[in-house]
Structures are given as C-alpha cells and as structure tokens.
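Read through the structure below, which is laid out as structure tokens, and then see the notes.
Residue numbers (the UniProt record's numbering): 1 to 438.
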C-alpha cells in the first residue's frame, strides 16, 4: 500500500466522527494533496505522526515536473477509459479517465485543459471540446468536470451517453492558464489569488492541489462565488480542505453565496456578489497574482475592478472557455498573448484574406473566404466538411490539418504544435488560394 493510501486509511479510521457520511468523498478528495510540510497533526499517535512526516519529506523533495518535455507526453489523439463518473452538483458531472495502453499519463500544470473527442451518434460526426482538468496535476488519472449546457452537443453527449468502462479519445493537456511556478519557488513570495464562479472552480481546484504539493510558503486565497450549495460543484471538499488547513497554513477559502438556501451558510461565509472591491477588502491589499475563471461578465468585471483597485494588468489572468487565456491588459486594448512573441503578431488591419478560394481536397468542396470568418475552420463548417475542433483559438490542436498548397497567416502564433506544411484551421486565414487535406 502506498504511503498516501496508508495515510488516507488511518485518517478515515481516526477521524470518522468528523466525517460521518463522507466515505465516498474521502476517496475522491485526493487527500495526498494535503501532505504539505505544514499539514497540521490532525490527531496524535505514533503511526499518524510517522506517516505524516514521511509524506512531508516526499513533498519537500518533489521537483517541478517538466510537463512540456515529459517522456510520456504524446501528440494527437489517444484512447482513454472512463474509470468513474460522479455528480458534483445538479448539472455538473466529473469523468475520470485512465490509460488503455499501459503507458502512464504525463503530469500537467494546474489550470490546463484536456481536449476530448466523441462520435455524435445522431450525426455520425466526431465532436471535440476542451475542458479544464479538475484533478491533481500528478495523479495517475485525468479528471474533467462538465456542466450540462442546454443545447450543448458535447456536454449532453457526456452526461447522457458516457459511463464507466466506455472509451473516449483525448489529447495531451495544454493551456497557458496557470500560475507562475517559478514565482512560487522564489524568495519574494506574493499571494496567489484564485477567483472562481460556478463551473469556473475546476481549474482552480487543480491549481489548489498543485500549490499544496509544492515546496513553498506562498499564501493562497481561493475566492468562490456560488448561487447556493446545491448548485456549487466541489463545495463540500473545498470546505473540508479549508477546515483542515486554514488554522496552520497560508491557504484561505472565501465563499460567497448569491442566493443561499436554508442551512447553506457556515461561519465566515458571505452573502452577495463577489466583486474586486470585496476581494481587495478581504485581502487588505491588491498585491499578488490573480487568476479568474467563470462567466464572461464575471471575469471582465473582476479583472477590470482589480486593475482599478491597483492590481497590475499583467498580474491578472482569466480563462475564457472557447477562447484564449488572457491577461487583463487585453480587456482594454487588443494585444498579443503574454506568452507569445510580439514579433509574431500581425498588426495589419487590412482584410486581405477575403475572397481567396479554399478547397478541401478529400471532401471535394470549395468556397471563398468571407468577411467575418475567424479562420479556415469557418469555411469548412459552412461546407459541412467534417473537421475536429475544440478551443477555436489555436491552442488545442484538434483542427490541425495538412496544407497541400497555398499560404496562410496567423494573428498570433498558435499555442499548439504545428509542423511545416500544416495549418491550424480555426485561426489560419488564407493569403492565397489554399488546398487543405480534409
């Protein structure tokens, strides 16, 4: 039995009275994330003290994984099996994936996402989407948590058709929405402030697990806006994490309920809408790194408010589902992604792509690129050409296809891997007649 599992077993047995009715949750809440050097001794006893000390030593000696060049990282699609399915709230469900080929999954950075692909039985076409990972970055499995969206193709496919034992295709984790690990290991520590609303908690949970497993004394603040307890994914485990760690570590959890039901509130919870002003008031300052995830209106309001309160725009990042991870500086003025080279940005305002003919060789279809189109993917979809897509922002690589002839341009260098002779269709615009292998 591994040390972490041994610790979980002791913890369950010793603290049963504290967690009556939580046996299933204990397995899911990834207790080994809580083995930080400063983990409080929850109960005295030689066995618990010995295991806690051993786990603390393991955490202290753990090196930051090289997620980009990890030997188990793969390119393209890979089959995964659904190990478990669990409802986290009324409309949010978690899916845990494990490898089917015997090779381990590589680690990732908390905040990154997973691109998944399924075949839609009604159309016979593949559907792919990107979902933030909600598991710990070095777990042997990947977990995504999906909110059912009325009319949403992929979310409803996952909720209605996927069960334990089913297989799904995934790409390796990607994404630039993560905190600065280098800063967490520096001598001049500023707080890490995670701000989430609703399903936006998923990347924050992953970042919280990562921060707990690092050698750092960095203060971590999690601000979580929910409607009520029933609608809030992961509320119960977040409360337990806070109860275990807040007394002796730099982790602080701040919960805001907009429409609480009876018995939803606990000491320290707040009622109302989370705002930048309330965040700064609770912190007592505007310093630190801010990462924000939730509905667009929420993210824009928080990001703009933080800047008005004195936070630096390049220290405020937000994750836009279906779009790029951005610094708050992009709110006011369109700008290059902070992780891209400014020299790669096409600053031309001319619409020189309109009118060029785009041919999809395999399907035998062609059409002109029209004004308002974001990339060649729009042309493909207008012709009903079957092309995978996910992020629609050049990050995930689902839509990469061979460019058989012609030239394309990008407003920003794509995040995904692109080889010579390939094009990222969602963001590639033609600057000549082009022929695509699709």
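Even for Gly, the Cβ is constructed at its ideal location relative to N, Cα and C.
Only a predicted model underlies this, so the values are computations on that prediction, with no experimental measurement involved.
inquiry  = Alpha carbons only, please: which of 141, 138, 111, 137 is nearest the one belonging to residue 131?
reply    = 111
request  = Whole angstroms is fine: what's the gap from residue 419's alpha carbon to residue 400's?
outcome  = 9 Å
Proximity of residue 255 and residue 226 at Cβ, strictly below 8 Å = yes
key: Continuous alpha helix (DSSP H) stretch holding residue 206: start and end   = 201-212
inquiry  = Are the CB atoms of residue 293 and residue 200 within a distance shorter than 8 Å?
reply    = yes
key: residue 182, DSSP secondary structure in three states   = helix
ask   = When you compare each of 354, 82, 134, 295 to residue 88 by their alpha carbons, which one comes out closest?
value = 134
Reduced DSSP secondary structure (H/G/I, E/B, other) of residue 378 = helix
task = Have a look at residue 252 and residue 392 and give me their C-alpha separation to the nearest angstrom.
result = 35 Å
ask   = Short check: CB of residue 421 to CB of residue 402, under 8 Å?
value = yes
request  = Return helix, strand or coil for residue 153, following the three-state DSSP convention.
outcome  = helix
query = Contact between the segment 139-153 and the segment 280-299: three or more CB pairs below 8 Å?
reply = no
request  = Using beta-carbon positions only, say whether residue 307 and residue 195 come within less than 8 Å of one another.
outcome  = no
task = Please name the residue in 429, 179, 412, 127 whose C-alpha comes closest to that of residue 314.
result = 179
At least three beta-carbon pairs within less than 8 Å, the segment 380-388 to the segment 359-367 = yes
Entirely enclosed alpha helix (DSSP H) segments - the UniProt domain "2Fe-2S ferredoxin-type" (356-438), minimum 4 residues = 376-382
ask   = What's the call for residue 55, buried or exposed, on a 16-neighbour Cβ count within 10 Å?
value = Note on residue 55: pLDDT 35, under 50, position unreliable in the model; no value is reported.
ask   = Under the three-state reduction of DSSP, which class applies to residue 282: helix, strand or coil?
value = helix
message = Rounded to the nearest angstrom, what separates residue 338 and residue 296 at their Cα positions?
response = At residue 338, the pLDDT of 27 sits below 50, so the modelled position is not reliable; the number obtained from the coordinates is stated separately. Computed Cα separation, rounded: 20 Å.
query = So what's residue 193 in DSSP terms, helix, strand or just coil?
reply = strand
key: Rounded straight-line distance, which links the Cα of residue 125 to that of residue 358   = 22 Å
task = Give the DSSP-derived three-state secondary structure of residue 298 in the structure shown.
result = helix
ask   = Where residue 154 and residue 118 are concerned, what is the direct C-alpha to C-alpha distance, given to the nearest angstrom?
value = 8 Å
Limits of the alpha helix (DSSP H) - the one that residue 140 falls within = No alpha helix (DSSP H) holds residue 140; DSSP gives it neither H nor E.
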